[in-house]
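Asks:
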Amino acid sequence: MITKSFASEGQSRVWVLTDRRPGNVNQCLGVAEALGLPFEEKTLEYTWAVRLDNRLRGASLIGIAAESRAQLLAPWPELVIAAGRRSAPVARYIKRASGGRTRLVQIMNPGHAWDEFDLIALPDHDQFTPRDNILSVLGAPHRITPERLAVEAEVWRERFEALPKPWVGLLIGAGCGRWHLGASSVIRRVTEVVEQVRRSGGTLLATTSRRTSRAMIEALSGVIGDNAFVHRWRRHDENPYLGLLALSDALVVTGDSVSMCSEATATGHPVYVLPPPMLSRSPHRRFLDRLLATQRVRPWSREGMTFAVPVVAGRSVSFNAASTIVGAIRQRFGL
Numbered sequence: 002m003i004t005k006s007f008a009s010e011g012q013s014r015v016w017v018l019t020d021r022r023p024g025n026v027n028q029c030l031g032v033a034e035a036l037g038l039p040f041e042e043k044t045l046e047y048t049w050a051v052r053l054d055n056r057l058r059g060a061s062l063i064g065i066a067a068e069s070r071a072q073l074l075a076p077w078p079e080l081v082i083a084a085g086r087r088s089a090p091v092a093r094y095i096k097r098a099s100g101g102r103t104r105l106v107q108i109m110n111p112g113h114a115w116d117e118f119d120l121i122a123l124p125d126h127d128q129f130t131p132r133d134n135i136l137s138v139l140g141a142p143h144r145i146t147p148e149r150l151a152v153e154a155e156v157w158r159e160r161f162e163a164l165p166k167p168w169v170g171l172l173i174g175a176g177c178g179r180w181h182l183g184a185s186s187v188i189r190r191v192t193e194v195v196e197q198v199r200r201s202g203g204t205l206l207a208t209t210s211r212r213t214s215r216a217m218i219e220a221l222s223g224v225i226g227d228n229a230f231v232h233r234w235r236r237h238d239e240n241p242y243l244g245l246l247a248l249s250d251a252l253v254v255t256g257d258s259v260s261m262c263s264e265a266t267a268t269g270h271p272v273y274v275l276p277p278p279m280l281s282r283s284p285h286r287r288f289l290d291r292l293l294a295t296q297r298v299r300p301w302s303r304e305g306m307t308f309a310v311p312v313v314a315g316r317s318v319s320f321n322a323a324s325t326i327v328g329a330i331r332q333r334f335g336l
């Protein structure tokens with residue numbers, strides 16, 4: 002029997018539903034951390050049934066493994082933060098079990114029953130029908146803050162200090178749904194980046210991502226050469242990604258990842274984007290156009306690179322959609 006007891010003094014007022022998808026996890030935790038209230042992370046493990054359409058799963062725990070179900074018990078929280086289609090039925094289940102008192106904040110498309118969510122944060126480069134419960138945000142919420150960058154800078158500075166400056170961070174994605182980076186286009190642009198870094202007398206600090214193909218990694222290795230710091234992403238290896246964000250004098254990012262571009266622009270460093278031609282009509286293209294129009298990023302050009310801190314109209318161009326979402330949560334729910 003489901004009880005309707007509610008979180009009280011000393012209990013978690015906020016639950017964050019996470020799973021094994023790093024992109025969704027970072028978005029949820031970025032919002033929760035920016036909210037500043039104590040929260041409890043509820044990690045969801047799935048069964049085959051999670052692949053069912055959300056219209057069939059409804060407001061239920063269908064598709065949720067037994068060990069995850071065991072942690073979804075009263076007292077219920079005041080607020081649930083979740084991301085993506087798979088977690089949406091679970092959030093709806095919690096709201097109904099609480100007697101409708103739990104507020105639901107959903108990041109990205111919930112897939113079904115949009116009216117049951119109190120706030121849905123969608124990137125403004127997606128095309129959607131306006132609703133009262135939809136919040137349009139620029140890019141993806143994330144966990145990059147000045148405080149976190151300062152900590153990572155201390156961790157990685159000593160490892161990089163022997164390398165000549167300026168340091169140019171190169172963040173390689175290479176995969177996003179139907180749009181994949183053209184290898185030849187990326188290799189050509191990366192070659193231009195390498196040449197500019199060499200002319201500046203500095204060092205390239207490069208990292209691949211979990212989506213970068215083996216073929217792309219091999220091709221990049223031949224272009225970048227030995228006079229650089231290169232990290233090849235592996236699941237359990239120490240990852241210098243945050244160190245690169247913190248310490249690079251400028252960043253060059255492939256434009257296929259909304260999250261990676263959003264995180265790079267939160268650093269306050271100059272950010273250059275390598276948009277491959279196959280993004281020309283995609284939502285990612287619209288996102289990049291917004292960043293370019295607001296001067297948060299610059300298009301890559303072989304003509305030159307600046308290391309000056311980007312400022313427009315006297316303000317920093319860094320941003321984090323998590324702040325926008327938190328502002329809406331506080332205004333609408335009084336948290």
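So the sequence shown is residues 2 to 336, counted in our numbering.
Note that CB positions come from ideal geometry on N, CA and C, so glycine has one too.
Computed from a predicted structure; not experimentally measured.
Measure the C-alpha to C-alpha separation of Trp16 and Pro78 and round it to an integer number of angstroms.
Replies: When rounded, the distance between both Cα atoms is 6 Å.
Asks: Determine the closest residue to Gly101 out of Ser324, Gly202, Gly203 and Asp119, with distance taken between C-alpha atoms.
Replies: Selected option, being the one with the closest Cα: Asp119.
Asks: Is it true that the CB of Asn25 sits closer than 9 Å to the CB of His113?
Replies: Taking 9 Å as the Cβ cut-off, His113 and Asn25 do not qualify as a contacting pair.
Asks: Is the separation between the beta-carbon of Gly140 and that of Ser263 shorter than 9 Å?
Replies: Yes, these two residues count as a Cβ contact at 9 Å.
Asks: Cutting at 6 Å between CB atoms, please list the residues of its own chain near Leu292, excluding the five before and the five after it.
Replies: Correct list, in chain order: Val298.
Asks: Helix or strand or just coil, what does DSSP make of Lys96?
Replies: In the structure shown, Lys96 sits in a helix (DSSP, three-state: H, G or I).
Asks: With a threshold of 6 Å on Cβ separation, who are the neighbours of Leu164 within its own chain once the five nearest residues in sequence on each side are excluded?
Replies: Contacts found: Thr204.
Asks: Can you list, in chain order, the residues of its chain whose CB lies under 6 Å from that of Thr209, leaving out five sequence neighbours each side?
Replies: Counting only Cβ-Cβ distances below 6 Å, and skipping sequence neighbours, we find Ile173, Ile218, Arg233 and Trp234.
Asks: Between the C-alpha atoms of Met109 and Ala122, what's the straight-line distance to the nearest angstrom?
Replies: Each residue's Cα considered, the two are about 6 Å apart.
Asks: Which residues mark the beginning and the end of the beta strand (DSSP E) in which Gly244 is found?
Replies: Note, Gly244: premise wrong, no beta strand (DSSP E); alpha helix (DSSP H) at Tyr242 to Leu248.
Asks: Quick one: give me the first and last residue of the beta strand (DSSP E) that Ser137 is part of.
Replies: Residues Ile135 to Val138.
Asks: To the nearest angstrom, how far is the alpha carbon of Gly335 from that of Leu18?
Replies: Spanning the two alpha carbons is a distance of roughly 21 Å.
Asks: Under 8 Å: do the stretch 317–326 and the stretch 132–147 share three or more Cβ pairs, one atom per stretch?
Replies: Result yes; three or more Cβ-Cβ pairs closer than 8 Å.
Asks: Cβ of Arg189 within 9 Å of Cβ of Ser258?
Replies: No. Outside cutoff.
Asks: Less than 6 Å between C-beta atoms, sequence neighbours within five positions excluded: which residues of the same chain meet that for Leu80?
Replies: The residues are Val15 and Arg104.
Asks: Output the distance between the C-alpha atoms of Ser69 and Glu41, rounded to the nearest integer angstrom.
Replies: So the alpha carbons of these two residues sit roughly 13 Å apart.
Asks: Check Trp301 in the structure and name its three-state DSSP category.
Replies: In this structure, Trp301 counts as coil in the three-state DSSP scheme.
Asks: By the DSSP assignment, the alpha helix (DSSP H) with Ile63 in it spans what residues?
Replies: Careful: Ile63 lies outside any alpha helix (DSSP H) and carries neither H nor E.
Asks: Would Leu289 pass as a contact of Gly170 if the rule is Cβ separation under 9 Å?
Replies: Not a contact, by the Cβ cut-off of 9 Å.
Asks: Rounded to a whole number of angstroms, what is the C-alpha to C-alpha distance between Asp20 and Ser201?
Replies: Cα-Cα distance, rounded: 43 Å.
Asks: May I have the straight-line CA-CA distance separating Cys29 from Ala83, to the nearest angstrom?
Replies: Looking at the two C-alpha atoms, the distance is approximately 6 Å.
Asks: Quick check on Gly328: buried or exposed, where buried means 16 or more other Cβ atoms within 10 Å of its Cβ?
Replies: Exposed is the call here.
Asks: Please name the residue, chosen from Ala265, Gly256 and Trp168, that lies closest to Val231 on a Cα-to-Cα basis.
Replies: Closest option to Val231, Cα to Cα, is Trp168.
Asks: Taking only runs that begin and end inside the stretch 185–249, name each unbroken beta strand (DSSP E) of 3 or more residues, in chain order.
Replies: Whole beta strand (DSSP E) segments, 3+ residues: 204–208 and 229–232.
Asks: Which residues in the same chain as Arg144 place their Cβ atom closer than 7 Å to its Cβ, once the five residues preceding and following it in sequence are excluded?
Replies: Excluding positions up to five away in sequence, the list reads Asn27, Leu30, Gly31 and Glu34.
Asks: In terms of alpha-carbon separation, which member of Thr130, Tyr94 and Leu136 lies closest to Glu117?
Replies: The candidate whose alpha carbon is nearest that of Glu117 is Tyr94.
Asks: Indicate whether Ala66 and Tyr47 have their beta-carbon atoms separated by less than 9 Å.
Replies: Yes, the pair counts as a contact, with Cβ atoms nearer than the cut-off.
Asks: Under the DSSP definition of a beta bridge, which residues are partnered with Leu293?
Replies: DSSP lists no partner for Leu293.
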